[in-house]
Amino acid sequence: NVLNSQEIWKSLFNSPLSRKQFVDIVRNNAPFLSAAGVASVVQELQRQLLQVAEHPLHVYINTKIALRTTLEARMKRLSPAEFEQVLHPVFQEDELTLII
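Just so we're aligned, residue -15 is where the sequence shown starts under my numbering, counting upward by one.
Rendered as structure tokens:
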């Protein structure tokens, strides 16, 4: 199941661009921290959030955003044409292979 808090955080920490943006957010919201302090906070968050599946933050996020339920409900409301537009980018890379 990729639609949960732990996977979202894993993606954030493993993507260099997302990680940089997250570091910037921490830095901007905690101006009293040195660069080393910001790095330490981010590193500790990463350690805790990626190692503990039932971390209270995951429980809170999974409950509040209800991502799977929200996506399921909204996708059921899509027309066939809209649904195709959601799926199209997924298969777009393979179109050339299928044509050849």
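Quick reminder that beta carbons are idealized off the backbone N, C-alpha and C, glycines included.
In terms of residue numbering, what span does the alpha helix (DSSP H) encompassing residue i cover?
i: Glu56; result: Leu51 to Lys60
i: Val7; result: Pro0 to Asn13
i: Ala19; result: Ala19 to Gln35
Please say whether residue j and residue i have beta carbons closer to each other than 8 Å?
i: Ala37; j: Gln(-10); result: yes
i: Leu51; j: Leu(-4); result: no
i: Lys(-6); j: Leu41; result: no
Looking only at its own chain, which residues have a Cβ that is under 8 Å from the Cβ of residue i, when we skip the five neighbours before and after it?
i: Asn21; result: Correcting the residue type first, residue 21 is Gly in the shown sequence and not Asn. Closer than 8 Å at Cβ, skipping near neighbours: Ala14.
If I measure Cβ to Cβ from residue i and keep anything under 6 Å in the same chain, skipping five residues before and after, which residues do I get?
i: Gln30; result: Phe(-3)
i: Ser18; result: none
Sorted by chain position, which residues of the same chain lie with C-beta nearer than 7 Å to residue i's C-beta, five sequence neighbours on each side aside?
i: His39; result: Gln32 and Leu33
i: Asn46; result: Asn(-12) and Ser(-11)
Cα-Cα, which of the options is closest to residue i?
i: Glu56; options: Ile(-8), Val7, Val70 and Pro0; result: Val70
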